[in-house]
Amino acid sequence: MKHLLILLLTLMVGAMPIAADTEAAKVTLKGRVTDQNDGQPVMGVSIYLPLLKQGTVTDRQGAYELKGLPQVKTTIQVSYVGHLTIIENIDLRTTTERNFTLQENNALLKEVVVTGLTGTTRADRSPAPVSVVAPHTLRESASTNIIDAIAHQPGVSQLTTGSGIAKPIIRGLGYNRIVTVSDGIRQEGQQWGDEHGIEVDDQTVHSVEILKGPASLMYGSDAMAGVLVLHEQPVMPQGRMRMNLSTGYQTNSNLFNYSVNFAGNKGGVVWDWRWSQKDAGEYKNKMDGHVPGSQFHERALNGMVGIKRGTNGYSHLKLSYYNIKPGLIEGERGADGTLEPSEAFQKIYHYKAVLDNSFLIGDGSLKAVVGYQQNRRKEFEAEEGESPELGLDFRLHTVNYDAHYLATANDEWQYAAGISGMWQRSENMGSEFLIPAYRLFDIGAFASLTKQWEQFTLSGGLRYDWRRLHSYALDDDGEARFGDFSRNFNGLTGSIGAIYNIRNGMSVRLNLSHGFRAPNLSELGSNGEHEGTFRYELGNQGLRPEQSWQADLGFDYSSAIVSGQLSLFANQVDHFIFLQRLTGDDNRFQYAAGTARLCGLEAMLDIHPVEQLHFENTFSYVNARQLHQPEESRWLPFTPAPRWTSVLRYDIIRDGQTLNNTFVSLGLECYLRQGNAHTANDTETATPSYTLLNLSAGTDIRMHGRRLASLFLTLQNLTDRAYQSHLSRLKYADGPGICNPGRSLGLKLIVPVEL
Numbered sequence: 016m017k018h019l020l021i022l023l024l025t026l027m028v029g030a031m032p033i034a035a036d037t038e039a040a041k042v043t044l045k046g047r048v049t050d051q052n053d054g055q056p057v058m059g060v061s062i063y064l065p066l067l068k069q070g071t072v073t074d075r076q077g078a079y080e081l082k083g084l085p086q087v088k089t090t091i092q093v094s095y096v097g098h099l100t101i102i103e104n105i106d107l108r109t110t111t112e113r114n115f116t117l118q119e120n121n122a123l124l125k126e127v128v129v130t131g132l133t134g135t136t137r138a139d140r141s142p143a144p145v146s147v148v149a150p151h152t153l154r155e156s157a158s159t160n161i162i163d164a165i166a167h168q169p170g171v172s173q174l175t176t177g178s179g180i181a182k183p184i185i186r187g188l189g190y191n192r193i194v195t196v197s198d199g200i201r202q203e204g205q206q207w208g209d210e211h212g213i214e215v216d217d218q219t220v221h222s223v224e225i226l227k228g229p230a231s232l233m234y235g236s237d238a239m240a241g242v243l244v245l246h247e248q249p250v251m252p253q254g255r256m257r258m259n260l261s262t263g264y265q266t267n268s269n270l271f272n273y274s275v276n277f278a279g280n281k282g283g284v285v286w287d288w289r290w291s292q293k294d295a296g297e298y299k300n301k302m303d304g305h306v307p308g309s310q311f312h313e314r315a316l317n318g319m320v321g322i323k324r325g326t327n328g329y330s331h332l333k334l335s336y337y338n339i340k341p342g343l344i345e346g347e348r349g350a351d352g353t354l355e356p357s358e359a360f361q362k363i364y365h366y367k368a369v370l371d372n373s374f375l376i377g378d379g380s381l382k383a384v385v386g387y388q389q390n391r392r393k394e395f396e397a398e399e400g401e402s403p404e405l406g407l408d409f410r411l412h413t414v415n416y417d418a419h420y421l422a423t424a425n426d427e428w429q430y431a432a433g434i435s436g437m438w439q440r441s442e443n444m445g446s447e448f449l450i451p452a453y454r455l456f457d458i459g460a461f462a463s464l465t466k467q468w469e470q471f472t473l474s475g476g477l478r479y480d481w482r483r484l485h486s487y488a489l490d491d492d493g494e495a496r497f498g499d500f501s502r503n504f505n506g507l508t509g510s511i512g513a514i515y516n517i518r519n520g521m522s523v524r525l526n527l528s529h530g531f532r533a534p535n536l537s538e539l540g541s542n543g544e545h546e547g548t549f550r551y552e553l554g555n556q557g558l559r560p561e562q563s564w565q566a567d568l569g570f571d572y573s574s575a576i577v578s579g580q581l582s583l584f585a586n587q588v589d590h591f592i593f594l595q596r597l598t599g600d601d602n603r604f605q606y607a608a609g610t611a612r613l614c615g616l617e618a619m620l621d622i623h624p625v626e627q628l629h630f631e632n633t634f635s636y637v638n639a640r641q642l643h644q645p646e647e648s649r650w651l652p653f654t655p656a657p658r659w660t661s662v663l664r665y666d667i668i669r670d671g672q673t674l675n676n677t678f679v680s681l682g683l684e685c686y687l688r689q690g691n692a693h694t695a696n697d698t699e700t701a702t703p704s705y706t707l708l709n710l711s712a713g714t715d716i717r718m719h720g721r722r723l724a725s726l727f728l729t730l731q732n733l734t735d736r737a738y739q740s741h742l743s744r745l746k747y748a749d750g751p752g753i754c755n756p757g758r759s760l761g762l763k764l765i766v767p768v769e770l
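Just so you know, my numbering puts 716 at position 701 of the sequence shown, and the rest follows in order with no gaps.
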């Protein structure tokens, strides 16, 4: 590990003088942005260069100017709410002025830039299935965490424990099969556990990329089901400073949150600092009343400071502190059937430091990132009438490293290559134990190549990963609790795909990919009561790495009135690892393996007969079964129910003088019956269908062309429907289980202050 870190540091320092910082090497790009309908200038349009992490916004005359740019080929992204995003390649060696004309946004299939595959590329040029949650979608949502905010996207669900803990599920797979990337590195906490969420402040997330399936070569093992890339806010335009104040309230749990952000770009130094706080009481529904143990308290401090190294790139240092104190829902009921108070809770701390460097070399860029994370999870339990005592206590240290080069040889060829991996050490600090202490090291190398023609794109790549895992023995009161063992894992993964533009607005794509995931320590060596999950868990040291083969076929269509997408997938996972109840035991579960086959589809249809009216519909379906199993154990546990969502949205005002981007929306979420349950040994039960209605509205308030505030109102579960999600673990609490939250009115206010 020391040698790798020294190599990375040497690489960073050695690359710095490659491009001289001279005034002659700097260029200025300027231009104007106008509206296609009336030719008038558009103020507040975002002009962004993703490769350089530089951008600005247009003034009242629609003019923009970016100074001090390097003489390179890069991608420019022009975006404005309610209009189609413009994405173009631009050569700054020959171009100093570029004007843009914006069109009204009538299409569902928007042009966006994605970075989570093997570098910066356009989503409509990606054979692999990928979708983007736009900034305005996150701003308008009423959610309790970042996973809750994106869980309504096609193919994405969440495994929940109340309102404060949520884990992502992509096409029926979750846990360590999904990699979450934040601040440029993979987020490492206790993601193997049911009652652990993602330790990220949702206020820091600007947009989200969702990669579905094992097509991403940059993240190796554990990215078998997909990747969530959480993008931070873009850096401020040169010479600008801004403070953002935001607050929100939700009536169901009396959730109150606020966030203060201060960012700027002065004298070649950029910074972005944020403090966030969130407090929620017990959520309620009309069947259970208040649910004891569902309250949580969250605090987060995030900061970034960076420099632009002339025309050579940038270096950003990112620091974060995250603390959440969620209650643990025990689900015990009294003689009268009411839920009894819960004194159990967790304290989770996550610390992170990341050095993110980018060096412009030739017609490409070298990314060199190194990060350190420490995750501390404490679990407190209490008997009736006694003070809470510390039980489980994990401390996890992680060092992440990544170095890869992305180059565009010309407008047709693009290639990337690099190495990445991590070192981990986990310690047991408490008086109770669930998994053994361990250390882990892995490393992987990848290479990819993309060739573009006018109507056809071909892309593919390979990756090799090697991982060593060592578990430490532990005696508990003279009894051997965990054994000492080591395992080595390796795997070769890859993908190849193509996309063909049949004609303007119509394309077809095909992608084949192979994924690999090494078993985690919970699956190999757990031995203890998993508080909050209602079970005792046992590991299995004989487990082998999971190997998946996935095929994706997609069709895209867009016209002036109708837009649509259809994505079909089939995925077979050999040595699939799952948890099953032991025969004749109420709460003892052990990890086992089999062969899983998952197939399904995501369909999207947007009908927009007039510019301001959209009728959007999506349907997601997953069929997940184990092969060669009897009927009661043939279905995989926690498979999302088929889901149909429908949203009727009307944009009341666009480009108004006082009110802007004003909309009202009526949404429907219909979850069909999930009868494909893993019923062996009462592991799971079927879930009936249910339908939820939601209302939302929002607007920007402007004065003299500047946004003074944004206000959003939401009404979730309008009819106060009592229901149990198939992916809620509280469904299996004592007695009839616990229902999901009932009706909730939400309010969100965002106030930007220019300094």
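We put the CB at the ideal spot given by N, CA and C, even for glycine.
Original post:
Tell me, which residues are paired with L449 by DSSP?
Top reply: Paired residues: none, contrary to the question.
**OP:** Inspect the beta-carbon positions of G346 and D749 and report whether they are closer than 7 Å.
**Re:** yes
Subject >> C-alpha gap between D351 and H305, whole angstroms >> reply: 15 Å
**OP:** Count the other CB atoms, across all protein chains shown, that sit within 10 Å of the CB of K301; report buried if there are 16 or more and exposed otherwise.
**Re:** exposed
Original post:
Alpha carbon to alpha carbon, what distance is there between V196 and H529?
Top reply: 20 Å
**OP:** Enumerate in chain order the residues of its own chain whose CB-to-CB distance from T700 is below 6 Å, with the five nearest sequence positions on each side excluded.
**Re:** A692
Original post:
So which of S446, E297, L44, D408 has the shortest CA-CA distance to S357?
Top reply: E297
Original post:
Thinking C-alpha only, which one of Y686, N519, G540, L117 is nearest F500?
Top reply: G540
Subject >> Identity of the residues DSSP links to L581 by a beta bridge >> reply: F570, A618
Original post:
Cα-Cα, which of L99, L527, L730, E552 is closest to L536?
Top reply: E552
Original post:
Hey, quick one: how far does the beta strand (DSSP E) through R154 stretch, first residue to last?
Top reply: R154 -> not in any beta strand (DSSP E); alpha helix (DSSP H) instead, spanning 150–155.
Subject >> Contacts around W286, its chain only, beta-carbon distance under 7 Å, and the 5 residues preceding and following it disregarded >> reply: A278, G279, M319, V320
Original post:
Which stretch, first to last residue, makes up the alpha helix (DSSP H) that contains S309?
Top reply: S309 -> no alpha helix (DSSP H), and no H or E assigned at all.
Original post:
How should L507 be labelled, buried or exposed, when 16 other C-beta atoms within 10 angstroms of its C-beta is the threshold for buried?
Top reply: exposed
Original post:
Quick one: what's got a C-beta closer than 6 Å to L106's C-beta in the same chain, skipping five residues either side?
Top reply: The sequence shown places Asp at residue 106, rather than the Leu named in the question. Hits under 6 Å: K88.
**OP:** Return the CA-CA distance between T219 and D74, expressed in angstroms with no decimal places.
**Re:** 26 Å
Original post:
Is it a yes or a no for the segment 507–525 touching the segment 203–213, going by three-plus beta-carbon pairs under 8 Å?
Top reply: no
Subject >> Simplified DSSP assignment, three categories, for S274 >> reply: strand
Subject >> Where Q76 falls, given that 16 or more other Cβ within 10 Å makes a residue buried >> reply: exposed
Subject >> Option nearest L525 by Cα separation, candidates D139, Y747, G579, S61 >> reply: D139
Subject >> 7 Å Cβ cutoff met for G752 and Q739 >> reply: yes
Original post:
Short check: CB of D237 to CB of R483, under 7 Å?
Top reply: no
Subject >> First through last residue of the alpha helix (DSSP H) which encompasses S537 >> reply: 536–540
Original post:
Out of H151, S178, E80, L64, which has the shortest C-alpha to C-alpha gap to L44?
Top reply: E80
Original post:
Can you tell me where the beta strand (DSSP E) with N164 in it begins and where it stops?
Top reply: The residue asked about is misnamed: residue 164 is Ala in this sequence, not Asn. Unbroken run through A164 is the alpha helix (DSSP H), 161–165; no beta strand (DSSP E).
Subject >> Status (buried if at least 16 other CB within 10 Å, exposed otherwise) for R186 >> reply: buried
**OP:** Could you spell out the range, first to last residue, of the beta strand (DSSP E) harbouring S261?
**Re:** 256–265
Subject >> Residues bridged to I514 (per DSSP) >> reply: T472, R524
Original post:
What whole-angstrom Cβ distance do H643 and T610 have, given they're in contact under 8 Å?
Top reply: 7 Å
Subject >> Close beta carbons around Q689, own chain, < 6 Å, minus the five adjacent residues each side >> reply: A656, T702, H741
Subject >> Rounded C-alpha distance that separates L464 from I667 >> reply: 45 Å
Original post:
Nearest to G332 by CA position, among G199, G235, G342, is which residue?
Top reply: Position check: residue 332 holds Leu in this sequence, whereas Gly was assumed. Looking at the Cα atoms, G199 is the closest of the given residues.
**OP:** Classify T219 as helix, strand or coil using the three-state DSSP reduction.
**Re:** helix
Original post:
Since H412 sits in a beta bridge, which residues does DSSP pair it with?
Top reply: Q389, R440
Original post:
Relative to the alpha-carbon of K367, which residue among G406, V414, G377, N327 has its alpha-carbon at the smallest distance?
Top reply: V414
**OP:** Determine the DSSP secondary structure at D139, reduced to helix, strand or coil.
**Re:** helix
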